[in-house]
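Engineer: Residues 4 to 306 in the numbering used here are what the sequence shown spells out, letter by letter.
For each residue, glycine too, the CB sits at the ideal point set by N, CA and C.
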Amino acid sequence: MNIKHSTGHETTKRMKNFLLWLYFFAFIVPVCQAQPYESIFGEESASWNVLFDNSSTDSLSQVGDTLIAGKSYKKLLRITAVDTSLYFLNEDSITGRVHFFTASDTALQIILDLSLQVGDSFFIAAPHIFKTLRVDSVYFKSGRKHIQFNEGFPGSQYNQFTFIEGLGSSLGLLYPESGVVPGIPFLLCSWKDSNHIYHDSTLSDSCYVQRTWSSTENKIEQGSTLIIFPNPCNNIIEIKSQEQNIYNITIFNMSGKEMINRRLSPDRATYSVQLNIEKFPSGIYFLAIETKQEKVIEKIIKL
Numbered sequence: 004m005n006i007k008h009s010t011g012h013e014t015t016k017r018m019k020n021f022l023l024w025l026y027f028f029a030f031i032v033p034v035c036q037a038q039p040y041e042s043i044f045g046e047e048s049a050s051w052n053v054l055f056d057n058s059s060t061d062s063l064s065q066v067g068d069t070l071i072a073g074k075s076y077k078k079l080l081r082i083t084a085v086d087t088s089l090y091f092l093n094e095d096s097i098t099g100r101v102h103f104f105t106a107s108d109t110a111l112q113i114i115l116d117l118s119l120q121v122g123d124s125f126f127i128a129a130p131h132i133f134k135t136l137r138v139d140s141v142y143f144k145s146g147r148k149h150i151q152f153n154e155g156f157p158g159s160q161y162n163q164f165t166f167i168e169g170l171g172s173s174l175g176l177l178y179p180e181s182g183v184v185p186g187i188p189f190l191l192c193s194w195k196d197s198n199h200i201y202h203d204s205t206l207s208d209s210c211y212v213q214r215t216w217s218s219t220e221n222k223i224e225q226g227s228t229l230i231i232f233p234n235p236c237n238n239i240i241e242i243k244s245q246e247q248n249i250y251n252i253t254i255f256n257m258s259g260k261e262m263i264n265r266r267l268s269p270d271r272a273t274y275s276v277q278l279n280i281e282k283f284p285s286g287i288y289f290l291a292i293e294t295k296q297e298k299v300i301e302k303i304i305k306l
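Encoded structure:
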């Protein structure tokens, strides 16, 4: 019987291989498993449009950063048909968890958790959902992780309540907050760093819907003779007055900076004005229109 004895060289080689495998499992594998999720925020900007009851759109825009108790938060401005409000969101890119609070209510609420697995539970306290949901499935679509729950909301392209990596949820980002118009909110459109990254065309062909508006020619409010179109817009937006002479038009950005101011002669009849906003960054702006009989402020969206 021949018995082979390991040489010092073979022993050293085995030890090196063992150490390499140990290093791989101790350092490389955990790093691969801890790759960050795609952020719901952009490097410079992000915005979401949420449709309520197929008749009214709320807009949410990333407007800055702030430090609170040593933690980094994104400031988001929410614009509804009647008011604006500020929210503070903190995101953990490793777990995919997002919490928020408001200036009036400092209690943190979790609105997104991408670490959930099939069978895990998630409690929602919202006007349209007040219950504990269970994860039905976890899957990837268009390179984004999706976590689907056992609660159905038919009407959008997602028939089940779903967390979506890089976007938020199928019901928008601030679904625990009630909207101006009663009903279930649905994520309609989303932009990130001037890129249009999401549009649920099963809800609407337009990214902005208002109760008294059509998708091409939009009345600002019931009884008004003013019309703006198109909205959203890529370059040229037109303001028409059916009866009144337009005196002044101003466009402000979300920070209140005046982007355009067009003062018109009150002695000259002006019933139609075109404004070129092609060079504006994508996002939400305020359009102020003044006539002899009324002064209105309306949201416009630059695509």
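#1: Going by CA-CA distance only, name the one from 273, 305, 167 that's closest to residue 293.
#2: Starting from the C-beta of residue 51, find all residues in its chain whose C-beta is less than 7 Å away, skip the five residues before and the five after it, and write them out in chain order.
#3: What did DSSP end up calling residue 283 once you bin it into helix, strand or coil?
#4: Ordered along the chain, which non-local residues of its own chain (more than five positions away) have a Cβ less than 7 Å from that of residue 110?
#5: Among 55, 120, 304, 40, which has the Cα closest to the Cα of residue 101?
#6: Do you know offhand how far residue 60's Cα is from residue 54's?
#7: Can a CB atom of chain D be found closer than 7 Å to the CB of residue 101?
#8: Taking 6 Å as the limit between beta carbons, can you name the residues of its chain near residue 277, skipping five residues before and five after?
#9: In whole angstroms, what separates the C-alpha of residue 165 from that of residue 121?
#10: Could you give the distance in angstroms between the alpha-carbon of residue 74 and the alpha-carbon of residue 98?
#11: Using C-beta distances below 7 Å, list every residue in its chain close to residue 203, excluding the 5 sequence neighbours before and after it, in chain order.
#12: Would you mind sorting residue 234 into buried or exposed? The rule is 16 or more other CB atoms within 10 Å of its CB.
#13: Closer than 6 Å by C-beta to residue 47: which residues in its own chain qualify, once you throw out the five before and the five after it? Chain order, please.
#14: Can you tell me where the beta strand (DSSP E) with residue 189 in it begins and where it stops?
#15: With C-beta atoms as the reference, is residue 168 less than 7 Å away from residue 148?
#16: Would you list, in sequence order, the uninterrupted beta strand (DSSP E) runs of no fewer than 3 residues that lie entirely inside the stretch 132-190?
#17: Could you check how far apart the C-beta atoms of residue 305 and residue 285 are, in whole angstroms? I think they sit under 8 Å.
#18: Assign residue 128 to one of two classes, buried (16 or more other C-beta atoms within 10 Å of its C-beta) or exposed (fewer than that).
#19: So residue 87 packs on residue 79, CB below 8 Å; how close in whole Å?
#20: Rounded to whole angstroms, what is the Cα-Cα separation between residue 45 and residue 265?
#21: Relative to the C-alpha of residue 237, which residue among 162, 138, 200, 303 is closest?
#22: Could you tell me which of 152, 119, 117, 118 sits nearest to residue 134, measuring between CA atoms?
#23: Please report the Cβ distance between residue 230 and residue 243, rounded to the nearest whole angstrom; I am assuming they are in contact, meaning their Cβ atoms lie under 8 Å.
#24: Tell me whether residue 61 sits in a helix, a strand or coil according to DSSP, three-state version.
#25: Out of curiosity, what's the CA-to-CA distance linking residue 107 and residue 90?
#26: So for residue 88, helix, strand or coil by DSSP?
#27: Report the residue from 199, 282, 280, 254 whose alpha carbon sits nearest the alpha carbon of residue 299.
#28: Count the other CB atoms within 10 Å of the CB of residue 142; is the residue buried (16 or more) or exposed (fewer)?
#29: Pull up the distance between the alpha-carbon of residue 68 and that of residue 93, whole angstroms please.
#30: Just mark residue 70 as buried or exposed, buried being the case when its beta carbon has 16 or more other beta carbons within 10 Å.
Structural biologist: Inspection of the coordinates gives the following:
#1: Closest option to residue 293, judged by alpha-carbon separation, among 273, 305, 167: 273.
#2: Non-local beta-carbon contacts of residue 51 in its own chain, meaning distances under 7 Å to residues more than five positions away in sequence, involve 63, 171, 175, 176, 190, 193 in chain order.
#3: Residue state, collapsed to three classes: coil.
#4: The residues are 104.
#5: Residue 101 has its Cα closest to that of 40, out of 55, 120, 304, 40.
#6: One C-alpha to the other measures close to 5 Å.
#7: Within the model displayed, chain D is absent; a lone protein chain is all it includes.
#8: Taken in chain order, the residues that qualify are 239, 241.
#9: If you take the alpha carbons of residue 165 and residue 121, they lie about 13 Å apart.
#10: Taking the straight line joining both Cα atoms gives about 16 Å.
#11: Counting only residues of its own chain and dropping the five nearest sequence neighbours on each side, residue 203 has a CB closer than 7 Å to the CB of 159, 160, 189, 190, 191.
#12: That one is buried.
#13: For residue 47, same chain residues with a beta-carbon under 6 Å away, outside a window of 5 residues either side, are 196 in chain order.
#14: Secondary structure note for residue 189: its beta strand (DSSP E) is the uninterrupted segment 188-195.
#15: Residue 148 is positioned such that its CB atom lies closer than 7 Å to that of residue 168.
#16: Runs found: 133-144, 147-155, 163-167.
#17: Contact check for residue 305 and residue 285: beta-carbon distance about 5 Å, within the 8 Å limit, so the pair qualifies.
#18: Answer is exposed; the Cβ neighbour count stays below 16.
#19: So it is not a contact: roughly 11 Å between Cβ atoms.
#20: Roughly 32 Å between the two C-alpha positions.
#21: Here the closest residue by C-alpha is 303.
#22: Of the candidates 152, 119, 117, 118, the one whose C-alpha sits nearest the C-alpha of residue 134 is 152.
#23: Yes, residue 230 and residue 243 are in contact; Cβ-Cβ is about 5 Å, under 8 Å.
#24: Residue state for residue 61 is assigned as strand, using DSSP reduced to three classes.
#25: Going from the Cα of residue 107 to the Cα of residue 90 covers about 9 Å.
#26: Assignment of residue 88 by DSSP, reduced to helix, strand and coil, places it in the strand class.
#27: If we check each option's Cα against that of residue 299, 254 comes out closest.
#28: Its Cβ having fewer than 16 others within 10 Å, residue 142 is exposed.
#29: Computed Cα separation, rounded: 10 Å.
#30: Classification for residue 70: exposed.
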